[in-house]
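So for the sequence shown, my numbering puts the first residue at 260; every next one is plus one. The C-beta atom is built at its ideal place from N, Cα and C for all residues, glycine as well. Heads up, the thing below is written out as structure tokens.
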Amino acid sequence: MTNTPAAYKGCCNTFARKIQSFKKLFDQTKGAAKCTRPSPTTLNTFANWINKGAVVQMVTPTQVARWAKTCNKNFNVRTPTPNACKTVLCAKFGKTTIKAVCRSKTGSFMVATSPTVSGRSFCFPK
């Protein structure tokens, strides 16, 4: 975001996060799919979360399994479900941070999250 006046940096960052989130939804509709794609209804639900300010991030079942161990939750990597994923993520990062979870066409999870937590930008740790 070069040459952006200081007064616009905040809204530019917000627009950039929304654009990236919508691109992730758009990517679910194109190309080859390893797993079942999210339904149009699910994608519209995620779009509504983005319009309300949420950010869409991707996490793998392996990452979720690692976090499940740290918060003593059960998560089966061989048969991962969105509900089990949301349970682990809510336990690890808080219910107000995690808005929605669904499987992506690649087998990972798409997660709608709050853009900030405790006044800082939220991003899943690697």
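Item to check | Any beta strand (DSSP E) of 3 or more consecutive residues that is wholly inside the segment 265 to 340 | outcome: 314 to 318
Item to check | Three-state class that DSSP yields for Cys344 in the structure shown | outcome: The answer is helix: DSSP assigns Cys344 an H, G or I state.
Checklist entry - Lys358 lies in the beta strand (DSSP E); which residues open and close that run? => result Ile357 to Arg362
Checklist entry - Taking the C-alpha atoms as reference points, what is the distance between Lys311 and Asn272? => result If you take the alpha carbons of Lys311 and Asn272, they lie about 15 Å apart.
Next on the checklist: Please identify the residue among Ser380, Pro374 and Arg362 whose C-alpha is closest to the C-alpha of Met317.
Outcome noted: Arg362
Item to check | Nearest-angstrom Cβ-Cβ length linking Thr365 and Lys283, presumed shorter than 8 Å | outcome: The pair is not a contact, with the Cβ atoms about 11 Å apart (cut-off 8 Å).
Checklist entry - Rounded to the nearest angstrom, how far is the Cβ of Ala371 from that of Trp308, given a contact under 8 Å? => result 4 Å
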